[in-house]
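There are 2 protein chains.
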Amino acid sequence: MGVSLKDIAKRAGVSVATVSNVVNGYRPVAEATRERVRQAIDELGYSPNLSARHLRNGRTGIIALAIPELNNPYFAELADAAIREAGLHGYTVLLDYTDGDREKELLVSQGFRAQVIDGLILSPVQLRRADVLSRTSETPMVLVGEGVYNVPYDHIAIDNVAASVAAMTHLLGLGRRRIAFVGAQSDVNRQPAQLRLLGYQEALSGAGLSYDPGLVVTTDYFGRSDGAAGLRRLMALPEPPDAVFAYNDLIAIGVLRAAVELGLRVPDDIAVVGFDDIDEGRYSNPTLTTISPDKADIGRRAVAALIGRLDGSREAEPEEVQVPFELVTRESTLGHPEPG
Amino acid sequence: MGVSLKDIAKRAGVSVATVSNVVNGYRPVAEATRERVRQAIDELGYSPNLSARHLRNGRTGIIALAIPELNNPYFAELADAAIREAGLHGYTVLLDYTDGDREKELLVSQGFRAQVIDGLILSPVQLRRADVLSRTSETPMVLVGEGVYNVPYDHIAIDNVAASVAAMTHLLGLGRRRIAFVGAQSDVNRQPAQLRLLGYQEALSGAGLSYDPGLVVTTDYFGRSDGAAGLRRLMALPEPPDAVFAYNDLIAIGVLRAAVELGLRVPDDIAVVGFDDIDEGRYSNPTLTTISPDKADIGRRAVAALIGRLDGSREAEPEEVQVPFELVTRESTLGHPEPG
């Protein structure tokens, strides 16, 4: 194995972040400290030249983060957290953009570009458990999100069923009885949508309400326009809903917009809950009640788990790490405060 | 110089995209075509192994795109366009995240990580003209956005002054006379804010209105919260404004939110125009009138210019390329249509 920043930090008696600052020049480091780090680098034979490092020890200092969407702020916020965390450890993040396409997810997972990356963080959408189990690439991988469970890789996610039950319990507690779900997927391999729909069904059942498939809107994609179209379909029903639980915040924001266009009052006529807690929902009119996964924590833990595998400090069996979430209640369910 | 995908495409008599599909496996290619491409690859001595390619001809197939913000959808949409265009040419995009920090922009520009990239597309925020002129790195670079002008690099941008004049002319045409500008920057090296403020001033002058510095709000950053705080400050003035021209859409969306909280009607009490045309402004309540730069065109042209420099097909002197923009009028200036 090659020499890692951690090895140098240990030898020099400084933090990994300090070594990274010396090597990458991110921040000024006191001359005496810099000299200690340089000496440790010389003694251990580490070279910050990426090509030389790559040839000598099979490392490039680059980890890939493969996400399905750039235009969804959820992934931008997640990537932001991962990039900052990786930077602290002296790693650069290469963003891979899978477009939620199964073929691209397979390519990334199977080691496409393995020559230039030390490890991979993958947020799969369509990848199946069997795909992951049959993976032959030896590039360390960490999974994030709800795509695949029970695989021999570290996996960082929130409990999607519990989160959906929390969203539904809030709506039920406000007296809503005809609650729609917008954002179901026709492809049953799209796990997150399945898990959130499961939570929706569980909560209905727990409240003694029957499940009406007519209140579940399947969408092609996960965007604002899908939410707007979904509400229009629902409001054309003989018995329209009094609330919407949306698969994600973008869909919920499309629902809010369509409500205005349809002349509906939110939450009086229709209450809306999203999922993701993107910044946009804190400034929408009305502001959006939503499930808030701890995105910064997901990014941090995914990077930490991967780097732990790379530098050998994480040797335990791969584990499923559950990150906390919370329900954030705002105007889309609680109503507008008086202006002031 | 090494062998490029273009060389192979020419030899095999197919498009660069087809070669890329064969080499990278993005999409299925008919067996006969695939064989022709493989033969051309063998004849020309091209190797898709990135490390080997790097050693042999100094190319990695990776271009870096350095952007200041991941959480601003403007840059996500721009990156999206660049990634798609680069993929068509067989290039992968490495996202560099400068955080709008001058030191990081200098690092990126001066060749940080030059070993792993073939070229760089940089959207500078604080980098100065002198910094660019004194650049010694030989890695080909293309600039996007309004950070730096008159430098010997291809530069893709819109005409910010003209765009701002267009936004102001729209507000003036609606009869607004006390128009505020939200998003000025105290650092005069922040060019885009300076240019948009210049357009604001030019339009006022053209309409025979005097410039009131009290209507210009300087913000620390470019986010929704800055816009919300800005409107609160403006509405506390003895003579509050009747319109806001915001530096960008995120600031404008913060203004829209604060207007609701202050009990103001948009556009009756205050009309709002943004800049960027991010998707969010198409679904906000009210929808946002904005300047729409052709982001897809910026991404495409930046990648095309860079690849042209890399493969030698672009040999002309570096040029300033102006990309079109348009004013998109929506509810935040025109008012709400009847629900329906």
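First to last, the protein sequences are chains A and G.
Once you know that position 131 of the first sequence is 131 in UniProt numbering, the rest is easy, because the numbers rise by one and skip nothing.
Once you know that position 136 of the second sequence is 136 in UniProt numbering, the rest is easy, because the numbers rise by one and skip nothing.
Note that the Cβ used here is the ideal one computed from N, Cα and C, for glycine as well.
First and last residue of the alpha helix (DSSP H) that includes residue i?
{"i": "A/TYR200", "result": "191-206"}
{"i": "G/GLY243", "result": "Here the sequence assigns Ala to residue 243 of chain G, which means Gly is not the residue at that position. Counting along the chain, G/ALA243 falls outside any alpha helix (DSSP H), though it belongs to the beta strand (DSSP E) covering 243-246."}
{"i": "G/SER225", "result": "224-235"}
{"i": "A/ASP80", "result": "73-88"}
{"i": "G/SER8", "result": "As written in the sequence, residue 8 of chain G is Ile, which differs from the Ser given in the question. Per DSSP, G/ILE8 belongs to the alpha helix (DSSP H) from 5-12."}
{"i": "G/VAL37", "result": "31-44"}
{"i": "A/GLY281", "result": "280-283"}
Which residues in chain G have a C-beta closer than 9 Å to the C-beta of residue i? List them in chain order.
{"i": "A/VAL125", "result": "Those within 9 Å of A/VAL125 in chain G number zero; the least Cβ separation is about 16 Å."}
{"i": "A/TYR149", "result": "Near A/TYR149 there are no residues of chain G at all, since even the closest Cβ is about 27 Å away, more than 9 Å."}
From the DSSP output, which residues share a beta bridge with residue i?
{"i": "G/ILE158", "result": "None, per the DSSP bridge assignment."}
{"i": "A/VAL182", "result": "A/VAL217, A/ALA246"}
{"i": "G/LEU94", "result": "G/ALA64"}
{"i": "G/GLN322", "result": "G/ALA157"}
{"i": "A/VAL328", "result": "A/THR290"}
Could you tell me which chain A residues have their CB closer than 9 Å to the CB of residue i, listed as they occur along the chain?
{"i": "G/SER292", "result": "Within 9 Å Cβ-Cβ: nothing; G/SER292 doesn't reach chain A, min ~16 Å."}
{"i": "G/GLY254", "result": "TYR283"}
Have a look at the options and flag the residue whose alpha-carbon is nearest the alpha-carbon of residue i.
{"i": "G/SER332", "options": "G/VAL29, G/SER20, G/ILE251, G/ASP268", "result": "G/ASP268"}
{"i": "G/ALA130", "options": "G/TYR200, G/ASN150, G/LEU204", "result": "G/ASN150"}
{"i": "G/SER225", "options": "G/LEU209, G/LEU256, G/ALA243, G/ARG177", "result": "G/LEU256"}
{"i": "G/PHE75", "options": "G/GLU320, G/GLN191, G/ILE121", "result": "G/ILE121"}
{"i": "A/ARG11", "options": "A/ARG232, A/LEU44, A/VAL144, A/GLY274", "result": "A/LEU44"}
{"i": "A/VAL283", "options": "G/PHE245, G/ALA203, G/ILE251", "result": "The sequence shown places Tyr at residue 283 of chain A, rather than the Val named in the question. Closest option to A/TYR283, Cα to Cα, is G/ILE251."}
{"i": "G/PRO324", "options": "G/VAL93, G/PRO238, G/GLY90, G/ASP297", "result": "G/ASP297"}
{"i": "A/LEU262", "options": "A/ARG232, A/VAL272, A/PRO238, A/PRO286", "result": "A/ARG232"}
{"i": "G/ALA258", "options": "G/SER210, G/GLY281, G/LEU234, G/TYR247", "result": "G/LEU234"}
{"i": "G/ALA157", "options": "G/VAL144, G/GLY173, G/ALA167", "result": "G/VAL144"}
{"i": "A/ILE278", "options": "A/LEU78, A/GLY13, A/SER109", "result": "A/LEU78"}
{"i": "G/ASP220", "options": "G/THR92, G/GLY206, G/PRO238, G/VAL182", "result": "G/VAL182"}
{"i": "A/ASP187", "options": "A/ARG128, A/GLU239, A/GLY230", "result": "A/ARG128"}
{"i": "G/VAL103", "options": "G/GLU315, G/VAL125, G/ALA17, G/VAL93", "result": "For clarity, residue 103 of chain G is Glu in the given sequence; the question names Val instead. Of the candidates G/GLU315, G/VAL125, G/ALA17, G/VAL93, the one whose C-alpha sits nearest the C-alpha of G/GLU103 is G/VAL125."}
{"i": "A/THR92", "options": "A/THR98, A/ILE83, A/ASP99, A/GLY100", "result": "A/ILE83"}
{"i": "G/VAL132", "options": "G/PRO241, G/TYR153, G/ARG178, G/ALA166", "result": "G/TYR153"}
{"i": "A/TYR247", "options": "A/THR218, A/SER210, A/GLY208, A/GLU31", "result": "A/THR218"}
{"i": "G/PRO286", "options": "G/ARG300, G/ILE253, G/ALA302, G/PRO318", "result": "G/ILE253"}
{"i": "A/ALA302", "options": "A/PRO213, A/SER123, A/GLY230", "result": "A/SER123"}
{"i": "G/ALA203", "options": "G/VAL142, G/THR329, G/SER164", "result": "G/SER164"}
{"i": "G/GLY87", "options": "G/VAL260, G/VAL19, G/MET168, G/ALA167", "result": "G/VAL19"}
{"i": "A/ALA180", "options": "A/PHE222, A/GLU138, A/PHE245", "result": "A/PHE245"}
{"i": "A/ALA9", "options": "A/GLU315, A/THR329, A/ASP311", "result": "A/ASP311"}
{"i": "A/PRO140", "options": "A/TYR97, A/GLN322, A/SER109, A/SER205", "result": "A/SER109"}
{"i": "residue 345 of chain G", "options": "G/ILE41, G/GLY214, G/ASP159", "result": "Because chain G in this structure spans residues 1 to 340, residue 345 of chain G falls outside the shown range and cannot be described."}
{"i": "A/PRO238", "options": "A/ILE62, A/GLY214, A/GLY227", "result": "A/GLY214"}
{"i": "A/LEU197", "options": "A/GLY223, A/ARG176, A/GLY208, A/ALA166", "result": "A/ALA166"}
{"i": "G/ALA107", "options": "G/ALA81, G/SER134, G/GLY90", "result": "Here residue 107 of chain G is Leu; the residue named in the question, Ala, does not match the sequence. Minimum Cα distance to G/LEU107 is reached at G/SER134."}
In chain A, what lies closer than 7 Å to residue i by C-beta?
{"i": "G/TYR97", "result": "ILE83"}
Along chain A, which residues have their Cβ under 8 Å away from the Cβ of residue i?
{"i": "G/ASN71", "result": "PRO73, ALA76, GLU77, ASP80, ASP279"}
Taking the beta strand (DSSP E) that residue i falls in, what are its first and last residues?
{"i": "A/SER292", "result": "289-293"}
{"i": "G/VAL273", "result": "271-275"}
Starting from residue i, find everything on chain G with Cβ-Cβ shorter than 7 Å and list it in chain order.
{"i": "A/LEU94", "result": "LEU94"}
{"i": "A/ARG224", "result": "ASP279, TYR283"}
{"i": "A/ARG257", "result": "TYR283, ASN285"}
{"i": "A/VAL260", "result": "ASN285"}
Length at least 4, wholly inside the stretch 107-153 of chain A: the alpha helix (DSSP H) runs in chain order:
Fully enclosed alpha helix (DSSP H) runs of 4 or longer: 129-133.
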